[in-house]
Structures are given as C-alpha cells and as structure tokens.
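Input: a single structure, listed below in structure tokens.
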Amino acid sequence: MDKIIANPSLSLFQKILLTTDGSITELLSLYTNQSIQAKVIFQSIEKGKLPGDSSSQSKDSTLLNREVMLTDSSKNYIFAESSFLINKLSKTMKHKLLHTETPIGLLWKEERLEIFKEVIDIRLEKCETTASHFGLEPNTEILSRTYQLYNSKELFGVITEKFPTIIF
27 MDKIIANPSL SLFQKILLTT DGSITELLSL YTNQSIQAKV IFQSIEKGKL PGDSSSQSKD
87 STLLNREVML TDSSKNYIFA ESSFLINKLS KTMKHKLLHT ETPIGLLWKE ERLEIFKEVI
147 DIRLEKCETT ASHFGLEPNT EILSRTYQLY NSKELFGVIT EKFPTIIF
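When you line the sequence shown up against our numbering, it's residues 27 to 194, in that order.
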C-alpha cells in the first residue's frame, strides 16, 4: 500500500482519496464544487459472508450488496462496490439504501453514526469492467481502496472504491 501512496505520479488529491477516513462524497463535492449523488447500478440481498472477513461470522449472514457510481450531473467520479450486514443497519438506513440514491456517508451523518474505517487494501491495476463505467479503454489504470467498516467495534460492512488514474 505504501508503495502506491509514495508514487510521485499520483496527485495529492488522489492520495487523499486513497487514505482518508472521511466522507468521499463530501471531498468530491468540495473538489468539484458540484453536488455529488450516488447512482445505484446494482443491488441485491443475498446470503453470504463479508469479503475479506476472516472471523467466525456465519456464511449465512444476510448481505446487502451494492454497486454505485458517485457522480454529478455530467461526470462519473468514483465506482464503489459494497457489502453490508443488513441486520447491523437501522430500519431507516435499510430503507434509504434500498429505495433511494442517497450516498452512504450522508446516511451515516444523518443517523449520527460513529464509523471507524480501516483501509485494508490499496491497488493500482487495470480493470476492464471498472474502466467501462467511465467510458474508458479496458487497459486504463485504476486506483482502488478497500476498507472495512466498524460501528461499536463490530464489523458491519466492506467498501471498495475505484477511480481511473486520469481523474483528479
């Protein structure tokens, strides 16, 4: 991870996006001077285990899996894949995640949740499927970070955020 962050070809803002424990939505809004929305691409409720979870969590946990694009009215900025233990979400948050396009960070803020984010992976790779979400060639370099989400010291979700190196 440190090798990628130390890469001199990355801009300061790219490094901030990869390492922050704050709201990506708010950072993007400040950076772009635009209102940022979460456009839901896909979501499902499935039985399974959170990605990267090595605990004894049941493989039969109910997960809310989502793919969203953080965007303004004209440009896509961040593609995010997330999985949440649905029983760890409030009734209001479940409803809003399933039926609105409110960014997750704004939902946490509305509920005044204290969230600890632990970045567990930062990558620089070529990802054909992610590049296509930005209308870019399959060999475009993509930066990503994966972090685990904790509330009251309990793991409740995992998010991976990706963006092309040519943005920011």
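Positions of the beta carbon are idealized from the N, C-alpha and C atoms, including for glycine. It should be emphasised that the depicted structure is a prediction, and the values quoted were computed from it without experimental measurement.
By the CB criterion at 8 Å, Ala-64 and Glu-137 fall outside the cutoff. Glu-187 sits in a strand when the DSSP states are folded into three classes. Scanning its chain for C-beta atoms nearer than 8 Å, with the 5 sequence neighbours on each side dropped, one finds around Glu-180 the residues Lys-114, in chain order. By the Cβ test, the region 88 to 98 is not in contact with the region 42 to 49, since fewer than three Cβ pairs between them sit closer than 8 Å.
Between Phe-39 and Phe-189 a beta carbon distance of about 10 Å is seen, past the 8 Å cut, so the two are scored as non-contacting. In the DSSP assignment, Phe-142 is bridged to Tyr-176. Taking every protein chain shown into account, the CB of Leu-175 has 16 or more other CB atoms within 10 angstroms, so this residue is buried. Burial is judged here by how many other beta carbons sit within 10 angstroms of a residue's own beta carbon; Pro-129 has at least 16 and is buried.
Annotation: the continuous beta strand (DSSP E) that includes Gly-74 extends over 63 to 74. Contact check for Ile-31 against Ile-146 fails: the beta carbons are separated by 8 Å or more. DSSP places Ile-104 in the uninterrupted beta strand (DSSP E) bounded by 102 to 111. Judged by DSSP secondary structure, Thr-97 falls within the beta strand (DSSP E) whose first and last residues are 87 to 97.
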